[in-house]
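For reference, the structure discussed in these notes is given below.
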Amino acid sequence: MKPLRIGNFSGFYGDRSDALREMLTGGEVDVLTGDYLAELTMLILARDRLKDPSAGYARTFPRRLEDCLGLAHERGVRIVTNAGGLNPAGLAGEIRRLADRLGIPVRVAHVEGDDLTAAYPGTLAAHAYLGGFGIAECLRAGADVVVTGRVTDAALVTGPAAAHFGWRPDDHDRLAGAVAAGHVLECGTQATGGNYAFFGEGDVRRPGFPLAEIHADGSSVITKHPGTGGFVDVGTVTAQLLYETGGARYAGPDVTARLDTVRLVQEGPDRVRIEGVRGEAPPPALKVGLNRLGGFRNEVVFVLTGLDIEAKAALVREQLADALAKSPPSEVRWELVRTDRADADTEETASALLRLVVRDPDQQVVGRALSGAAVELALASYPGFHVLAPPGKGSPYGVFEDVYVPHMGAPHGAATHEPAPDVGTVPTAPVSVSHVAVLHDGRRVPVPPPRETRPLAGVPDPALPEPLPPGPVRRAPLGLVAGARSGDKGGNANVGVWARSEDAWRWLAHTLTADTFRRLVPESRDLPVTRHLLPNLRAVNFVVEGILGAGVAAQARFDPQAKALGEWLRSRHLDIPEALL
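Counting in our numbering, the sequence shown runs without a single skipped number right up to 588 at its last residue.
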């Protein structure tokens with residue numbers, strides 16, 4: 008049976024505007040997917056909806072579609088996207104109006120049932136992560152465009168694959184293979200050299216968007232249109248497989264994919280085969296992402312130039328102590344970033360940054376009184392006083408949390424695959440999720456929950472490879488022998504680290520332990536750090552709990568989504584065998 012070619016044209020809300028046309032004109036493709044929904048995006052869309060109840064979806068998508076809808080229809084390419092965000096029905100209606108105006112006879116369907124906001128008082132948005140079978144129902148009924156709200160990123164691929172090949176919910180291995188392909192595609196050009204540790208090995212100035220050729224058995228080949236930039240190799244695919252994952256079991260609403268069974272094979276230039284992926288029944292509960300207002304924050308960045316940096320920073324902190332004491336914010340954070348260097352030949356490189364961040368439930372506490380106190384120091388503080396930008400009145404920030412609820416039809420209180428955190432956000436009544444496919448002709452088709460579920464459990468660590476024989480070592484950056492990619496899941500971060508040769512893997516597996524990670528990343532010293540071994544990928548994956556506070560919207564650290572945490576780790580020095588260098 009001919010493989011199904013599924014491409015990606017968006018990895019986030021704000022991705023390249025011409026990617027949809029590039030994917031439609033660059034080569035053969037059957038389905039194009041657009042992923043728009045990060046945790047932070049849901050908060051952005053929720054704030055849009057507060058201002059306008061008809062909003063709540065990615066407004067850039069209809070503009071992008073206006074230029075390409077006729078081309079997609081002409082070429083028989085179906086489009087599946089979660090750009091519906093908080094209002095998939097609203098976006099579906101706008102696309103129908105667009106198609107009518109352009110005179111293009113396309114059938115538009117949408118998926119709903121994920122929105123649980125009404126059940127969680129105090130949240131701006133509460134959405135369950137649905138699977139791909141609602142998308143499959145829409146496509147089987149003939150939809151040309153399918154719009155969803157909060158589905159898992161991989162569902163944009165598992166849905167079309169299930170519809171095309173006739174997969175059933177208990178086809179766990181096939182679904183798991185599609186989940187692996189979907190996870191590689193979901194972030195667009197991150198699979199084709201974008202944000203890649205070894206970016207110098209190809210031309211990544213304008214990487215092309217990825218494609219997956221999915222086969223009936225669930226295996227796939229990751230590739231891209233010929234002539235587009237970037238590159239696809241085992242490393243780029245490994246990096247994306249590790250992105251925002253944890254242990255060997257990668258749980259979703261349709262299936263739990265066993266990442267420890269994934270095998271990658273370089274099949275040719277820009278072609279990597281994913282095979283051998285095993286699947287298990289999904290957990291008995293669905294993840295629900297909760298976004299709420301966490302309070303207000305304000306920030307002032309003082310520029311300290313030249314000599315006596317530490318003394319200048321101490322003076323500012325002492326001068327602002329009285330202002331902070333009059334009405335103390337619930338959180339005060341000072342950070343001195345030593346970007347300066349001695350005898351610098353530019354003023355900028357002679358300067359350090361002192362960053363003050365305050366947070367409180369009351370906007371007045373972090374607002375004008377504090378910013379006024381900072382401004383009043385302009386002529387009364389350290390020599391060379393100035394700030395990067397005038398402080399404002401304080402802005403709201405969000406908090407992301409997750410809880411777990413039963414599938415539709417499951418008894419309330421069904422076992423969850425991990426405990427819900429104690430966040431003080433409880434539903435008004437027992438909650439379960441009604442997954443519904445709303446077909447292009449208006450019919451509503453309930454999507455049943457999985458017949459079989461399996462509570463999520465850890466996988467025993469596999470045996471370590473044989474260590475390298477003793478030999479001379481050299482102090483050098485970890486990144487000379489290993490790649491890394493990091494990301495966020497709520498307040499946690501993951502850092503996937505992979506070796507590029509069998510010998511490097513033998514060294515990495517024995518050397519880069521959780522304790523070593525804590526030493527190299529001091530922020531994690533007092534936090535739970537779990538290491539997961541994935542020998543098939545020659546990788547170790549670290550999950551650091553709580554390093555991001557209440558999530559990206561809370562901006563608890565310099566790099567609030569941990570995007571560069573892996574690159575920081577690669578820059579740290581270890582004793583590395585000279586045979587690997």
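Don't be surprised by glycine CBs; every beta carbon is placed ideally from N, CA and C. In this text, all values refer to a predicted model and were calculated from it rather than measured experimentally.
Pull up the CB-CB distance for residue i and residue j, whole angstroms please, since I reckon it's below 8 Å.
i, j, result
"G253", "V550", "5 Å"
"V593", "V115", "Outside the displayed range of the chain (8 to 588) lies residue 593, so it cannot be described from this structure."
"I86", "V152", "5 Å"
"P260", "L293", "6 Å"
"T243", "T199", "6 Å"
"G573", "A483", "About 17 Å; that fails the 8 Å criterion."
"K400", "R375", "6 Å"
Is residue i helix, strand or coil when you go by DSSP?
i, result
"D180", "helix"
"K58", "helix"
"L123", "coil"
"E585", "helix"
"G420", "Note that G420 has pLDDT 35, beneath the 50 cutoff, so the model's placement of it is unreliable and no number is given."
"H117", "strand"
"E509", "helix"
"A169", "helix"
"I86", "strand"
"W575", "helix"
"H232", "coil"
"E354", "coil"
"P426", "Note that P426 has pLDDT 36, beneath the 50 cutoff, so the model's placement of it is unreliable and no number is given."
"R66", "coil"
"G486", "helix"
"Q273", "strand"
"K333", "helix"
"S227", "strand"
"R324", "helix"
Which residues in the same chain have their Cβ closer than 7 Å to the Cβ of residue i, if we skip the five residues on either side of it in sequence?
i, result
"L331", "V339"
"G391", "T312, G313"
"R451", "V443, V445"
"P60", "none"
"A351", "A357"
Compute the Euclidean distance between the alpha carbons of residue i and residue j, then round it to the nearest angstrom.
i, j, result
"G189", "R458", "23 Å"
"G63", "T32", "30 Å"
"T159", "L146", "17 Å"
"T230", "V279", "7 Å"
"A417", "P336", "Caution applies to A417, whose pLDDT of 42 falls short of 50 and renders its modelled position unreliable; the value that the coordinates give is listed next. Cα-Cα distance, rounded: 44 Å."
"V295", "L475", "45 Å"
"A569", "R577", "14 Å"
"V344", "L395", "14 Å"
"R526", "L105", "56 Å"
"E354", "I316", "14 Å"
"A187", "V284", "8 Å"
"A318", "Y389", "9 Å"
"H424", "P413", "Because H424 carries a pLDDT of 34, less than 50, the predicted location of this residue cannot be relied on, and the following value inherits that uncertainty. In a straight line, the C-alpha of H424 is about 11 Å away from that of P413."
Within its chain, find whatever has a CB closer than 6 Å to the CB of residue i; leave out the 5 residues flanking it on each side and keep chain order.
i, result
"S378", "P398"
"A162", "G138, G139"
"G141", "V118, H442, A444, V454"
"G166", "G139, I142, A143"
"D429", "Residue placement at D429 cannot be trusted, given a pLDDT of 35 that sits under 50; what the coordinates show is reported in the next sentence. Excluding residues within five positions, none has a Cβ falling inside 6 Å."
"Y257", "A264, L266"
"W174", "R181"
Report all residues from its chain with a CB closer than 8 Å to the CB of residue i; omit the five preceding and five following residues, and keep chain order.
i, result
"R461", "T263, E287, A288, P289, P290, P291"
"L50", "L131, A132, N298, G405, F407, A560"
If distances are taken between C-alpha atoms only, which option among the options comes closest to residue i?
i, options, result
"L322", "V373, A349, L361, K294", "L361"
"P95", "H447, V284, L182, I111", "H447"
"P479", "L581, P456, L555", "L581"
"A79", "G553, F16, Q326", "F16"
"A328", "S358, V310, L363", "L363"
"S531", "D210, N499, T518", "N499"
"R23", "A385, G41, H134", "G41"
"M30", "G236, T48, E46, A349", "G236"
Should residue i be flagged as near chain C, meaning a C-beta pair shorter than 9 Å?
i, result
"A198", "In the displayed structure, chain C is absent; only one protein chain is listed."
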